[in-house]
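Some notes on the structure that comes next.
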Amino acid sequence: MSEQTLTIDDHDHHDHGPAKGLLRWVFTTNHKDIGTLYLIFSLTMFFIGGIMAMVIRAELFQPGLQLVDPNFFNQMTTMHGLVMVFGAVMPGFVGLANWQIPLMVGAPDMALPRMNNWSFWILPFAFSMLIATFFMDGGAPNFGWTFYAPLSTTYAPPSVTFFIFAVHMMGISSIMGAMNIIVTLFNMRAPGMGLMQMPMFAWSWLITAFLLVAVMPVLAAVVTMMLMDIHFATSFFSAAGGGDPVLFQHIFWFFGHPEVYIMILPAFGVVSQIIPTFARKKLFGYHSMVYATIAIALLSMIVWAHHMFTVGMPIAGQLFFMFSTMLIAVPTGVKVFNWVATMFKGSMTFETPMLFAIGFVILFTVGGFSGIMLAIAPIDFQYQDTYFVVAHFHYVLVPGAVFGIVAGVYYWLPKWTGKMYDESLGKLHFWLSFIGLNVTFFPMHFVGLAGMPRRIPDYALQFADFNMMASLGAFLFGASQLIFVYLIIKTVRSGKVAESSPWEGAEGLEWTLPSPLPYHTFTTPPVFENK
Amino acid sequence: MVLVLFMFAFGFMLVPLYDVICEVTGLNGKTAGQYEGQLSTDSDEQSRQVTMQFVVNKNANLPWDFAPKQKQMTFLTGEKMQTTFGVTNTYNHAVVAQAVPSVAPAEAAEYLHKIECFCFEQQPLEPGEHKDMPLIFFVDPELPKEITKLTLSYTLFDVTNSATPTSDPHKVKKVGN
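Taken in sequence, the protein lines are chains A and B.
Mapped onto this note's numbering, the consecutive letters of the first sequence carry residue numbers 1 to 531.
Mapped onto this note's numbering, the consecutive letters of the second sequence carry residue numbers 1001 to 1177.
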C-alpha cells in the first residue's frame, strides 16, 4: 500500500491500516483519523448551531412573540454563538490542519500524537456539558456569547458554572492543539523545506497557533475571575466591591478580538492553496502574503477596544483603537489584492472549491467594508449593538470562515477518500448557499442602520419586511447544508475513483501521494526541491 | 508552554494593571484614596476660582433617599472645603451601603484630594435611619487652567451580603477609590 521505498515497521498489531472496530476512533493517534473526528464533530456542531439559528429566524420571521419566550430566545442567541464559534468553526479548521499539515510538510504525523488525541476527545465532553445546560434548572446560558459581567455573574442562571467549565475545557483543547501545530511546523518539515517554502496553509496555521497560545489563556483567566466572583465573593467585576464591569469587557475582548482572527486566518490559508490551483498560476506575492498575515496577527492584539467604543472611553483611547483598527485593513487588503492578482491572466476553471474560494474573496471583502465602517468610532456610536454589527460578523464568518472550511473539504476530499464528489451537487450546494446567505445577511445591514437592536426577540414594525426576507434566506441556507452532508456520504460510499492529483494545477507534497491516502504516509521524509 | 502560563497570569495581571494605568494617566475619573499629605500652600500656582457640582446616582438595587446638601459650591483651589450628603434607609431592614465616587472631567480626578469621605468606609444603616455623611476635600492648585468646573458623582451600592468589618485596612484601601 505504501509507495515509499522502506517502511520501518514499529507497530505492534498492524503493518498497514488502522485498528478494527469502534475503539479505533477512541484511541487513535493518527493525524488522519483525528482530522476526520474533528471534521465530523465540527459538522455536527454546525447543524446544532444551525438549528438554533433556525429557531431565532423563525421567531424573527414576523414581529410579535410567537414561538418562544424571551428567555429561551436569549439562550438560543447565546448558544448559537458559542456552538458556532467554539464547536463548528474552530474545530473545523483544526480538522483541516490535522489532515493537511503533516502531508504538506512531509511529516509522518503531528509532533505529539497522543496529545492530539486528547485535544480532540476533550471537545465532545465539553460540548455535552454545554448543551446539557439546556436541561438544567434556570436553562442554558442566556447572556450572549460575549457573556459580559455582571449579567453573566450576578444575574446568570445556575448553569453558568457549567458554561465556565466547558470554556475551560475547550480552551485547553485549543491550546494543546496549537502547541502541537507549532512544534510540528518548526521541527518536522522535510529536509529542504525552509519556513519560506512552506505552503500558505501551513503558514496561516503557524501564525494562528501562536495567536491561540497567546490569547486562549486570557479567556481562561476571565472565566476564572467570573467563577470567583460568582462563588468566592470576589469583586473583579462588581463596582460595589471596588471592581469594574468594564474591566470584564477589556479582558474579554483582549482575547475576543484575536479570537476572530484565529477564526479567519486558516481560511486565508485554504484560499491561498485553492486559487493558484484553479487559476493554474502561482500565488502572487508569497512573501508579502506571509508578512501580511503576520502583520494582521500582531495588529489584532492591539485593537480590542473597538468593541467598546460606547463604554465611556476617554478620547485618547477612542482615537488609538480607531486608528489601529483601520490599519488592519491594509495588510488584509494586500492579501485580497494578491488573490485577485493570482487570478489575473490565469487559466481559470470553476470547480466547486474554486467557487467557494472566489465567493470567499468577494463576500469576505464585503464584510471587511462593514468592518471599516464600524471602526470609525463616532459612527460606531450609531452602529453599536445593532443588526449592522450582526451583518458584519456574519459576512466575515459565514462566507468567510465557513466557506473556507467547506472549500477545503471539497478540495481535499478526493485526496482523503480516493473518490471524487459529484460536481453538479457541489455546485448546487455552492449556489444555494451563496444565494441563501446573501438573502439572510445583506438586509441586516439595512435594519441595523435603521436602528434595529441586536439580541431582541421582537422588533418594531418598520423592520418587519427585511426580517422576513432574512428569515427566508436563512431557511434556504440551512436546508442547502443538507446537500453537503448528503454529498459527503455519497462520495465516501459510491464516488468515482479519484487520481492522486485530481486538480490539474495543484502543487504541493500532498498531491504526490496516492488517493486515498495510506494510513501512514511519509514514514521516510520525502525529497523536497526548493522552488 | 511557558507562554501559555504567562498569558494566563497576564489575564489576572490585567486587573491591577488597569488600576495602575488609570491612576497614572488619570483616566476613568477614579480619584485617589484618602489624602495623606499636608494642605500645602507652597505651590507656585496662584489660587483661582473653581466650581464643583455634586451629583448622586441611585443604583436600581438601592433606591434610598440620597442627596447632597449643596448641589454646587464655588471656591478657590487650595481652599479646604466641607459638605455633607444626606442618606436615609427607606427599607424596613438594616442595610450596608458602599458609595463609589467618580469625577468629571476625567483629567481633573487626580487633582481632587479627599481628606475625609464617607466613600472610604461602608455605611451601615438601620431601617429608617438617616445620616448626614461628611466630605472634606480641596482641589489642588495644579489643576489645569482649562478646567473651571468639576462634577463629583457618587453611586450607592448595596453591600449588605458581602460586608466586612470596616476596620479591615485592605477593604478601606480597595474601595476608597
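Glycine is no exception: its CB is placed at the ideal position from the N, C-alpha and C atoms.
Taking CB atoms only, B:T1148 has no neighbour in chain A less than 9 angstroms away. Here A:G139 has N71, F72, Q75, T133, P157, S159 as same chain residues with Cβ atoms under 8 angstroms from its own Cβ, once five neighbours each way along the sequence are excluded. In the three-state reduction of the DSSP assignment, A:F201 falls in the helix class.
Across the set B:P1144, B:N1161, B:H1113, B:Y1154, the C-alpha of B:N1161 shows the shortest separation from the C-alpha of B:H1093. A:V406 sits in a helix when the DSSP states are folded into three classes. Between the region 355-369 of chain A and the region 394-404 of chain A, the count of C-beta pairs closer than 8 angstroms reaches three or more; the two stretches touch. Take A:M129, set aside five residues on each side of it, and the residues of its chain with a beta-carbon closer than 7 angstroms to its own are F162, F165, A166, in chain order. In this structure, A:S500 lies near A:S515, with their beta-carbon atoms less than 9 angstroms apart. By the rule that beta-carbons nearer than 9 angstroms mark a contact, A:H392 does not touch chain B. The Cβ of B:Q1098 sits closer than 9 angstroms to at least one Cβ of chain A. When the Cα atoms are used, A:G81 and A:G144 turn out to be separated by approximately 8 angstroms. Within 7 angstroms of the CB of A:F236, the CB atoms of chain B belong to V1015, in sequence order along the chain.
Fewer than three beta-carbon pairs drawn from the region 271-291 of chain A and the region 308-325 of chain A are found closer than 8 angstroms, and the two stretches are therefore not classed as touching.
Taking A:M115 as the centre and dropping the five residues before and after it, the same chain places the C-beta of M176, N180 closer than 7 angstroms to its C-beta, in chain order. At least one beta carbon of chain A lies nearer than 9 angstroms to the beta carbon of B:M1001. A straight line joining the alpha-carbon of B:Y1035 with that of A:Q384 spans about 39 angstroms.
In this structure, the beta-carbon distance from A:P258 to A:V215 falls below 9 angstroms. Within the region 415-475 of chain A, the runs of alpha helix (DSSP H) that reach at least 4 residues and sit entirely inside it are, in chain order, 423-449. A:T349 counts as exposed, since fewer than 16 other C-beta atoms from the protein chains shown sit within 10 angstroms of its C-beta. Within chain A, no C-beta atom comes nearer than 7 angstroms to that of B:G1033; the closest sits roughly 11 angstroms away. Here the region 471-491 of chain A lies against the region 437-444 of chain A, with 3 or more beta-carbon pairs under 8 angstroms apart. When C-alpha distances from A:D244 are compared across A:G269, A:Q197, A:A58, A:Y148, the shortest belongs to A:Y148. Here the alpha carbons of A:A377 and B:A1097 stand approximately 37 angstroms from one another.
Assignment of beta-bridge partners to B:Q1123 by DSSP yields B:A1097. Put simply, the CB of A:G81 is far from chain B, with every gap to its CB atoms at 9 angstroms or more. Excluding five sequence positions before and after A:P18, the CB atoms of its chain that fall closer than 8 angstroms to its own CB belong to R24, T28, N30, D33, Y519, given in chain order.
The closest CA to that of B:G1033, considering only B:Y1111, B:K1058, B:E1146, is found on B:Y1111.
Where A:L517 is concerned, there is no enclosing alpha helix (DSSP H), because DSSP gives it neither an H nor an E. Contact of B:Y1018 with chain A by beta-carbon distance below 8 angstroms involves D244, L247, H250. With respect to A:I182, A:L206 sits close: the two C-beta atoms are nearer than 9 angstroms. Annotation for A:T523: no alpha helix (DSSP H) segment contains it, and DSSP assigns it neither H nor E. Straight across, the Cα-Cα distance linking A:F528 with A:V334 is about 29 angstroms. With a cutoff of 9 angstroms on beta-carbon distance, B:L1135 and B:K1149 are scored as not near each other. Taking C-beta atoms as the reference points, B:V1087 and B:F1157 fail to come closer than 9 angstroms. Separation of A:P525 and A:P108 (C-alpha to C-alpha, rounded to the nearest whole angstrom) is 8 angstroms. Using a Cβ distance threshold of 9 angstroms, A:M198 and A:V105 count as a contacting pair.
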